[in-house]
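Counting in this note's numbering, the sequence shown runs from 74 upward without gaps. Note that CB positions come from ideal geometry on N, CA and C, so glycine has one too. Written out below as structure tokens is the structure these notes cover.
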Amino acid sequence: MADRTKVVIAILVVLVVALGAFILYSFVIQPTIQGYVVQKQTEGVQIAVTTILAQIQQYGYVQIPLAENQTLTLIPPQMCSQIQQPQ
């Protein structure tokens, strides 16, 4: 009877530890990882936008390759109005 009680207690301890680890992961570790990922994605977007703006200021336009033989060219709005006006 004493051996069976020890086995039951051991199983319950393992279950409590497993549930504690699951709760720790769900409420502490996963949000920390997710926050880090979102922060790095935001930094990447900021770097990309800053780079695009710097190229537009330096060259007057920026070309972004989209696919094979396709390019998106961005120019400032003032240049668009100058290009569209007949002379």
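Quick check on Ile148: does DSSP put it in helix, strand or coil? In the structure shown, the three-state DSSP call for Ile148 is coil.
Could you compute how far the alpha carbon of Thr78 sits from the alpha carbon of Leu85? When rounded, the distance between both Cα atoms is 11 Å.
Going by C-alpha distance, which of Ala91, Gln131 and Met74 is nearest Pro149? Ranked by Cα distance from Pro149, the options Ala91, Gln131 and Met74 are led by Gln131.
Report the rounded CA-to-CA distance for Glu141 versus Gln112, giving the unit in angstroms. Cα to Cα, Glu141 sits roughly 31 Å from Gln112.
With distances taken between CB atoms, is the gap from Ile137 to Ile125 smaller than 9 Å? Annotated as proximal: Ile137 and Ile125, with beta-carbon spacing under 9 Å.
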